[in-house]
Amino acid sequence: MSLSVAVLSRRSLLLAAMAGVFGSLWRPQPVLAASKAGDPSWDLKADQWRERLSPQAYDVLRNEGTERPFTSPLNGEKRSGTYHCAGCDAALFSSEAKFDSGTGWPSFWQPLDGAIATKVDFKLILPRTEYHCSRCGGHQGHVFNDRPRPTGKRYCNNGVALRFSPLDLIVVGVVLPAIWRRSLQPSRGFGGCWC
Ligand SMILES: [Zn+2]
């Protein structure tokens, strides 16, 4: 064996070894189940989730699927209100943190306090930060550090994993009944006694 052939062989072995190492590290991960529920009462079985969710919502929330871009009606939602988890109805985002990212998915620059939890996934080879509802563990989307205002973060959310509750419904359903109940209470101006 000549010297040049021996060097080439050694180099080939080294490249093959490196390819094997990086290949095993960078292999795309199989579809993952959703993250563990933070609230044990929401640690439901797959059949229970299937009963609660549409097939599309189940695929995203429980199998970490991704909806096709520009398919969610929530992309164009501009009313004031709150975005809830479609799995357990926990409030996740305020409309005040929503912006049009042009990506085709509802996008936010900040979640509500304690509403979500994160983990790193390698489904697209490069690491991404996945986030999910901290109560039921349902997958919501991925967060990226590519937006300037005001946090620099883009929470890229699957619309099918959210339910929007407009502020006017909250006013009609919660605030007005509270005012009405308060108006029925006896006045305390005279010690509450009218006799
Ligand atoms: Zn949830």
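Read left to right, the sequence shown gives residues -4 to 190 (the working numbering).
Ideal Cβ positions, reconstructed from N, Cα and C, are used throughout, including at glycine.
query: What are the residues that DSSP puts in a beta bridge with N140?
result: For the purposes of this step, residue 140 is taken as the residue at position 145 of the sequence shown. Bridge partners of N140: none, in fact.
**Message:** Quick check: is any heavy atom of ligand 1 less than 8 Å from the C-beta of G60?
**Reply:** Position 65 of the sequence shown, counting from 1, holds the residue named residue 60. Checking every heavy atom of ligand 1 against the Cβ of G60, none is found closer than 8 Å.
**Opening and closing residue of the beta strand (DSSP E) in which N152 lies** = Taking the first residue of the sequence shown as 1, we reach residue 152 at position 157. Note, N152: beta strand (DSSP E), 149 to 152.
Exercise. Is D84 helix, strand or coil when you go by DSSP?
Worked result: Reading the sequence shown from its first residue, position 89 is the one you call residue 84. Here D84 sits in coil by DSSP.
Next on the checklist: Rounding to the nearest angstrom, what Cα-Cα distance links D108 and T146 in this structure?
Outcome noted: Here residue 108 refers to the residue found at position 113 when the sequence shown is read from its first residue. Here residue 146 refers to the residue found at position 151 when the sequence shown is read from its first residue. Rounded to whole angstroms, D108 to T146 spans 14 Å at the Cα level.
Task: Close Cβ partners of R176 (< 7 Å) along its chain, the five nearest in sequence each way excluded - done: What you label residue 176 is simply residue 181 of the sequence shown in a count that begins at 1. Same-chain partners within the cutoff: there are none.
Check your understanding: Hey, how far is the Cα of P23 from the Cα of F117?
Key -> Position 28 of the sequence shown, counted from the first residue, corresponds to residue 23. Position 122 of the sequence shown, counted from the first residue, corresponds to residue 117. Low confidence applies to P23: its pLDDT is 43, below 50, so where it sits in the model is not reliable enough to give any reading.
**OP:** Using three-state DSSP, classify S90 as helix, strand or coil.
**Re:** Here residue 90 is taken as the residue at index 95 of the sequence shown, counted from 1. Correct three-state label for S90: helix.
message: Using a 10 Å radius around the Cβ and a threshold of 16 neighbouring Cβ atoms, would you call K148 buried or exposed?
response: Reading the sequence shown from its first residue, position 153 is the one you call residue 148. Buried: at least 16 other Cβ atoms inside 10 Å.
>> According to DSSP, is L157 part of a helix, a strand, or is it coil?
In response: As a first step, residue 157 must be located in the sequence shown, where it is residue number 162. Three-state result, L157: strand.
S49 burial status per 10 Å Cβ neighbour count (16 or more: buried): For the purposes of this step, residue 49 is taken as residue 54 along the sequence shown, with counting starting at 1. Exposed, because fewer than 16 other Cβ atoms sit within 10 Å of the Cβ of S49.
Taking 8 Å as the cut-off, is the CB of R130 close to at least one heavy atom of ligand 1? Locating residue 130 in the sequence shown gives position 135, where the first residue counts as 1. Correct: R130 has its Cβ closer than 8 Å to ligand 1.
### Task
For R158, I'd like the list of residues in its chain whose CB is within less than 8 Å of its CB, leaving aside the five on either flank, ordered along the chain.
Counted from its first residue, the sequence shown places residue 158 at position 163. Taken in chain order, the residues that qualify are Y78, H79, C80, A81, D84.
*Could you spell out where the beta strand (DSSP E) holding E125 opens and where it closes?*
Here residue 125 refers to the residue found at position 130 of the sequence shown. Run containing E125: 123 to 128, per the beta strand (DSSP E) assignment.
If you count every other CB in all the chains shown that lies within 10 Å of the CB of K93, and 16 or more means buried, which is it? Position 98 of the sequence shown, counted from the start, is the residue given in the question as residue 93. Per the 10 Å Cβ criterion, buried.
Q.
At a cut-off of 8 Å, would you count A112 as near ligand 1, judging by its Cβ distance to the nearest heavy atom?
A. Numbered from its first residue, the sequence shown carries residue 112 at position 117. The answer is no for A112.
Checklist entry - In whole angstroms, what separates the C-alpha of D42 from that of S90? => result Along the sequence shown, one-based indexing puts residue 42 at 47. Along the sequence shown, one-based indexing puts residue 90 at 95. The straight-line gap from Cα to Cα measures roughly 32 Å.
Problem set entry | C-alpha gap between S96 and L121, whole angstroms | Your numbering for residue 96 matches position 101 in the sequence shown. Your numbering for residue 121 matches position 126 in the sequence shown. In a straight line, the C-alpha of S96 is about 21 Å away from that of L121.
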